[in-house]
Structure formats: C-alpha cells, structure tokens
Amino acid sequence: MALTGGCHCGAVRYEIAGEPMHGGQALCHCTDCRRCAGAPMVGWAMYPEDALSVTKGEPREYASSETGQRWFCSTCGTGLFYRNAQNLPGLVDIQASTLDDPDAVPAAAHIQVADRVGWMKDAHGLPEFERFPGGA
Numbered sequence: 001m002a003l004t005g006g007c008h009c010g011a012v013r014y015e016i017a018g019e020p021m022h023g024g025q026a027l028c029h030c031t032d033c034r035r036c037a038g039a040p041m042v043g044w045a046m047y048p049e050d051a052l053s054v055t056k057g058e059p060r061e062y063a064s065s066e067t068g069q070r071w072f073c074s075t076c077g078t079g080l081f082y083r084n085a086q087n088l089p090g091l092v093d094i095q096a097s098t099l100d101d102p103d104a105v106p107a108a109a110h111i112q113v114a115d116r117v118g119w120m121k122d123a124h125g126l127p128e129f130e131r132f133p134g135g136a
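Below, the structure written as structure tokens:
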C-alpha cells in the first residue's frame, strides 16, 4: 500500500510505502508532541525509514530533544515526521493527519498516557456538532 500526504500549504509532499507498524497509528499524549502540535494529542504512523520519500519541497528539521528530530514545513509550520535514531533506529513516524486519506491508517492505540491532559480521557463523551455549534 502506498499513501501520499503533505503539509497544509502544499509546499511539502511525501509518499509512504507499505503497511504501518503496530497495526495502525498511535495516538501520542506526551508533552513534547502536544506542545509541538499545539493539540491535546498527535496521531503517528510508524514505518521503516526507507519507506518514506519526500516528493516535493524540503521539510525543515528541528531537534525537539537530545535524541528526537521533527520535520515540518517551513512555510506553513505543519508537523510531518519524527525520527529518533537512539530509541527508534531505522524508523520514521508520519504525523497521520497529514495523509491525504487519514482514514487509511486507523488508530490502534493510545501511548504516553502518563502525560495525557486529564480531560482527554473522557473527551469521546462530549457533545458533538457536524460544524460549529449554533451556526452554519
């Protein structure tokens, strides 16, 4: 299976080949992911490094920890990839919401829940609206 994706503005595009490891994406609740994304959690799909091809543009690298590197679009800021040669040698995580078809890699697990924002545990029980509440 080959999937494509990219950043919000379209300056960076990529292709990922094969099946994700661990049966799908992991929803990460760690503090680093939350702060880098400005979101309560981030979905990651893990692949061997050689499965990833950047097909357009050049993502910018940011050392987010002593051993972790994140890649993002330098134009729009979209987070794209994560690598950690020490803890995850030979692997790359793809920020799964940047896939053109994010449903192609369903969530398989929550990880780093020790850092989870407290209210996220029951977020699935909140009211739902197809668009904005009370508006168009």
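Position one of the sequence shown corresponds to residue 1 (UniProt numbering), numbered consecutively onward. Note that the Cβ used here is the ideal one computed from N, Cα and C, for glycine as well. This structure is a prediction, so every number in the text was calculated from the model and none was measured.
Legend entry - One or two residues paired with LEU27 in a DSSP bridge: Note: LEU27 is bridge-paired with GLY43 and HIS110 in the DSSP secondary-structure output.
Inset, instruction - Specify, as a first and last residue, the run of the beta strand (DSSP E) that SER56 falls within. - result: First, the residue type needs correcting, since residue 56 is Lys and not Ser in the sequence shown. Note, LYS56: beta strand (DSSP E), 52-56.
Inset, instruction - Name the residue from CYS7, GLY6, GLU15 and ALA51 whose alpha carbon lies nearest to the alpha carbon of ASP91. - result: Checking the displayed sequence, the identity of residue 91 turns out to be Leu instead of Asp. Sorting CYS7, GLY6, GLU15 and ALA51 by C-alpha distance to the C-alpha of LEU91 places ALA51 at the top.
Legend entry - Three CB pairs or more closer than 8 Å across the stretch 47-67 and the stretch 6-23: Contact annotation: the stretch 47-67 touches the stretch 6-23, with at least three C-beta pairs closer than 8 Å.
Legend entry - Nearest to ALA2 (by Cα), restricted to the options PRO102, GLY77, CYS9 and ALA37: Of PRO102, GLY77, CYS9 and ALA37, the smallest CA-CA separation from ALA2 is found for PRO102.
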